[in-house]
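Working notes for the structure below.
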Amino acid sequence: MAPRNCLHATVAAPRATASTGRLNLVPYAERVGLSPCTNFPTLNYSRTGVSVLNHPKSCGDRGVAKRTGGAKELERYNIDIAAISETRLAGEGSLTEPNSGYTFFWKGKAEQEARIHGVGFAIKSSLLRRIPDIPTGINERLMKIRIPVSKKRFITLISVYAPTMTSAGEDREQFYADLDSLLRTIPASDKLLILGDFNARVGNNHEQWKGVIGKHGLGKANSNGLLLLSKCAEHNLVITNTMFRQANKYKTTWMHPRSKQWHLIDYVVTRQRDSSDVLITREFKTSLDDKIKDMGPSSGGPEEKWSRCEVRPGPQFIARSYTFKENMEFQTYQFYYADQHCASPLYTVMAGGTITLRQVSWITRGGTEADYWLEDVSVTSHSQEVASYLSARVNATCPGFIPPGRQWYNNVPYQVVSRQGARDCAMGLDFALHELQLLRVERRQDARDGHVTQELFLGDIHTDRTQRLLYRPTSYQPPLVNVQLSYSNCTACKIVQDADDRRPPVFKIRQEHPLQLHGEWISVRCEVRPEALFLTRHLLFYPGNQTWEGWYTHYSDPSCRHSTFSIHAGGSFTRGARSAVVEGGTEYIFQVTRMKVTPQDSDTTSLLNVFHGQGCGDGGSWQIGREQDVTSTNGCVALGITLPHIEYELFEMERDMYDRLQLYIGQRPSDGTSPKNPAQRPTSYQTPLLQCLPSMDTQTPDIRTDMNDINISRRFSREHETRPRLVKIVLPPPPPCGVGFMLAECGYAVTTVYGLLMFLSPFT
1462 MAPRNCLHAT
1472 VAAPRATAST
1482 GRLNLVPYAE
1492 RVGLSPCTNF
1502 PTLNYSRTGV
1512 SVLNHPKSCG
1522 DRGVAKRTGG
1532 AKELERYNID
1542 IAAISETRLA
1552 GEGSLTEPNS
1562 GYTFFWKGKA
1572 EQEARIHGVG
1582 FAIKSSLLRR
1592 IPDIPTGINE
1602 RLMKIRIPVS
1612 KKRFITLISV
1622 YAPTMTSAGE
1632 DREQFYADLD
1642 SLLRTIPASD
1652 KLLILGDFNA
1662 RVGNNHEQWK
1672 GVIGKHGLGK
1682 ANSNGLLLLS
1692 KCAEHNLVIT
1702 NTMFRQANKY
1712 KTTWMHPRSK
1722 QWHLIDYVVT
1732 RQRDSSDVLI
1742 TREFKTSLDD
1752 KIKDMGPSSG
1762 GPEEKWSRCE
1772 VRPGPQFIAR
1782 SYTFKENMEF
1792 QTYQFYYADQ
1802 HCASPLYTVM
1812 AGGTITLRQV
1822 SWITRGGTEA
1832 DYWLEDVSVT
1842 SHSQEVASYL
1852 SARVNATCPG
1862 FIPPGRQWYN
1872 NVPYQVVSRQ
1882 GARDCAMGLD
1892 FALHELQLLR
1902 VERRQDARDG
1912 HVTQELFLGD
1922 IHTDRTQRLL
1932 YRPTSYQPPL
1942 VNVQLSYSNC
1952 TACKIVQDAD
1962 DRRPPVFKIR
1972 QEHPLQLHGE
1982 WISVRCEVRP
1992 EALFLTRHLL
2002 FYPGNQTWEG
2012 WYTHYSDPSC
2022 RHSTFSIHAG
2032 GSFTRGARSA
2042 VVEGGTEYIF
2052 QVTRMKVTPQ
2062 DSDTTSLLNV
2072 FHGQGCGDGG
2082 SWQIGREQDV
2092 TSTNGCVALG
2102 ITLPHIEYEL
2112 FEMERDMYDR
2122 LQLYIGQRPS
2132 DGTSPKNPAQ
2142 RPTSYQTPLL
2152 QCLPSMDTQT
2162 PDIRTDMNDI
2172 NISRRFSREH
2182 ETRPRLVKIV
2192 LPPPPPCGVG
2202 FMLAECGYAV
2212 TTVYGLLMFL
2222 SPFT
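Residues in the sequence shown are numbered consecutively from 1462, following our numbering.
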């Protein structure tokens, strides 16, 4: 029997667990249960080291805050309060998720800064009325909350996310200076728990650090660990994870990607005077770990390859080829071109390294978060002019890399990154592989013959080139296709498969299709936008009076099965000149003048009912499934939409390998804004839309007609037997019209990527 007013804690993480009396804690998905031995209610605490929230501030192109698997995980373990790290959210705020019963609080970097780091708490909404103060964010790495456990006793919880070993020395020192300042404000009478990802190894030198670590630490301390140990000694704190003798598999929380050794870097720290209340610290596995394993593909071969040719923001014309080995080493070729057809190669970057799959993404549902490490990077120019240009750029950011009087030659690889030589001169190339930080695999089945292909989605890159080295993806680029599972007539697959840095693939120049903006177009897959927005699009264009209308249905899941709201918008468009920036593109100006919104779940309905007066339609009267016109209120504040507004667009039209017309529309800015002026006009494209059938109408239907009652008839053409026989569709919602490929039920997150496979997007 523990003494009265005791503190018992059990700390558990997906990779580590600890226990102090009745206080259950967890590093990474730490579960902390607090039960002072009094008549006050038990509270379960947790620290989770994975991102939990999507940006909650708006909808439209920025996204409504979505429910996540994190809330279910907390509910599963009956967690009352969870400390969260690495949220990657901007600013400071809170979000209540009615269906989960939790309220999330976070603190991140400023809106205009890169979305990295971030800490927070998740608290059962039913407990908030018993907590006098909401969590206080110190900065993007520290947040605290003070909770009463009796009339005169309190416990202070601190959620932390410390800098990694690769962070600048001043950043690490600043973190511990901020932590020191925070600790000095905590009343000495308070119980104290510090939960989080310290990115530190504290070692096992118990004699040197008596009272700070126990006799059962692991390995040797690194510089981050020494900073943590010193701060704990200064404030009479103890790292509870080192106090118990048990197998290493019950202690370690992180595997080094190169050495493959497991380390302890997530900790639960308390005051030394309370250490006797700690009963056990132990790793436990959460359902997130099981989910990653269960949802992963398997291929049984030694390696996989993936590749594609595409247009990136800038614009950049690029083809990518990836090879992943069974030991999670990878090699990639990034082929850069001067033209949209990928027929005139400029230079090739070859990179190799290691990738570590971390966990199911809590921001972008259906994806897997990963970390990567580059071992070597080399660049090969394919003309002397390009060689001179690149060598000058590398020398500008890495002085002396190329000695005076020397120069680069074409078709000769030059190493710009070498971990063995401790050299990194790739900054001049603006080169990074942050796309490897988010992955997803999908299987797609051809509706005509049942043929199954496999696609790899890698994270998106920022549309602002200056932000790319800091950006962590929340969406995807167009997918890469498995060459081994592709059709035998995929000539492009063979071209890429045989290419290397000295023999870049040269693709056939495709015939340009004249852009005639008319007819009906629809998404061929569930699309993902930055900030983890899932949606489908359905657009109609009427060239007779240059008007358009569209249906945009938003979803809470990556398979687009659970809709949250839909938008029916319309307006006019004006065709401009051929783009002088993006070869093959045509400029357009679109005006949005009218809009209707239909909430399709309870969360969105509640959000819309918050706005009264002129905020968003008839405030307070929103109902699930009931459409409202928001034109009279100049849009919808809740969804971040204003009317009227103008967007400067970029369009291109092509035929795919099945001779079907595809419409490419400009990519949305990564910061969630709209292209409201010519300078913001896109320089790359979204996932293409597929034409159902050319429109029989040349003008928009009477806008006074209730759009719910509009029936759109489509004539089935015997010349295109690949199209489904869709005769009559009632809108909304948008129909699966003209889809040659169907998304199978087995879209899944990535856990293993290997086997002798190559992936390439199907195009002619």
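Glycine is no exception: its CB is placed at the ideal position from the N, C-alpha and C atoms.
When the options are compared against residue i, the one with the closest alpha-carbon
i: V1847; options: V1873, L2151 and V2042; result: V1873
i: R1933; options: R1614, A1883 and G1920; result: G1920
i: I1700; options: R1854, S1737, L1917 and M1716; result: S1737
i: D1891; options: T1858, Q1906 and A1780; result: T1858
i: Q1792; options: A1799, H1802, Y1798 and R1781; result: R1781
i: E2044; options: I1741, N1788, Y1798 and Q1707; result: Y1798
i: H1895; options: N1871, I1922 and R1880; result: I1922
i: H1667; options: N1660, H1677 and D1658; result: H1677
i: V1916; options: Q1906, G1630 and T1924; result: Rather than Val, the amino acid found at residue 1916 in this sequence is Glu. The residue with the shortest Cα to Cα distance from E1916 is Q1906.
i: L1640; options: S1650, F1659, M1626 and A1629; result: F1659
i: G2005; options: A1993, F2034 and H2029; result: F2034
i: L1899; options: G1828, L1725 and S1642; result: G1828
i: F1785; options: V1610, Y1794 and G1581; result: Y1794
8 Å Cβ cutoff met for residue i and residue j
i: F2026; j: P2060; result: yes
i: G1680; j: R1662; result: yes
i: A1544; j: L1656; result: yes
i: R1901; j: F1918; result: yes
i: G2032; j: T2014; result: no
i: T1825; j: S1936; result: yes
i: V1838; j: A1883; result: no
i: V2071; j: A2099; result: yes
i: S1849; j: I1863; result: no
i: A1831; j: L1897; result: yes
i: C1954; j: V1967; result: no
i: R1926; j: P2139; result: no
Secondary structure of residue i, DSSP reduced to three states
i: P1774; result: coil
i: C1987; result: coil
i: D1885; result: strand
i: S2067; result: helix
i: A1857; result: helix
i: P2139; result: helix
i: V2285; result: As displayed, the chain neither begins before 1462 nor continues past 2225, which places residue 2285 out of reach and without an answer.
i: Q1733; result: helix
i: V1663; result: coil
i: K1786; result: strand
i: A1682; result: coil
i: G1757; result: The predicted position of G1757 is uncertain, since its pLDDT is 39 and thus under 50; a value taken from the coordinates is nonetheless stated next. Note: G1757 maps to coil in three-state DSSP.
i: E1992; result: coil
i: A2038; result: strand
Rounded C-alpha distance that separates residue i from residue j
i: Q2084; j: C2097; result: 15 Å
i: R2109; j: V2042; result: Note that residue 2109 is Tyr in the sequence shown here, rather than Arg. Rounded to the nearest angstrom, the two C-alpha atoms are 14 Å apart.
i: T1646; j: I1619; result: 12 Å
i: M2114; j: S1805; result: 21 Å
i: G1552; j: H2106; result: 27 Å
i: N1702; j: L1690; result: 13 Å
i: G1861; j: R1854; result: 12 Å
i: S2024; j: Q1868; result: 57 Å
i: I1592; j: I1608; result: 6 Å
i: R1998; j: K1613; result: 57 Å
i: E2206; j: S1555; result: Note that E2206 scores a pLDDT of 26, beneath 50, so its modelled location is shaky and nothing firm can be said.
i: G1435; j: E1973; result: Since the first and last residues shown for the chain are 1462 and 2225, residue 1435 lies out of range.
i: W1459; j: I1741; result: With the chain covering only 1462 through 2225, there is no way to say anything about residue 1459.
i: R2036; j: G1980; result: 16 Å
i: T1731; j: Q1573; result: 35 Å
8 Å contact criterion, which residue i and residue j should meet: CB distance rounded
i: L1688; j: Y1637; result: 5 Å
i: G2078; j: Q2089; result: 4 Å
i: Q2128; j: Q2152; result: The pair is not a contact, with the Cβ atoms about 20 Å apart (cut-off 8 Å).
i: V1621; j: R1633; result: About 13 Å separates the two Cβ atoms, so there is no contact after all.
i: H1843; j: P1965; result: 6 Å
i: K1585; j: G1569; result: In fact, because the Cβ distance is near 22 Å, the residues do not count as touching under 8 Å.
i: T1924; j: P2130; result: 5 Å
i: L1644; j: H1696; result: 5 Å
CB contact below 8 Å: residue i versus chain D
i: A1993; result: This model lacks chain D altogether, as it is built from one protein chain only.
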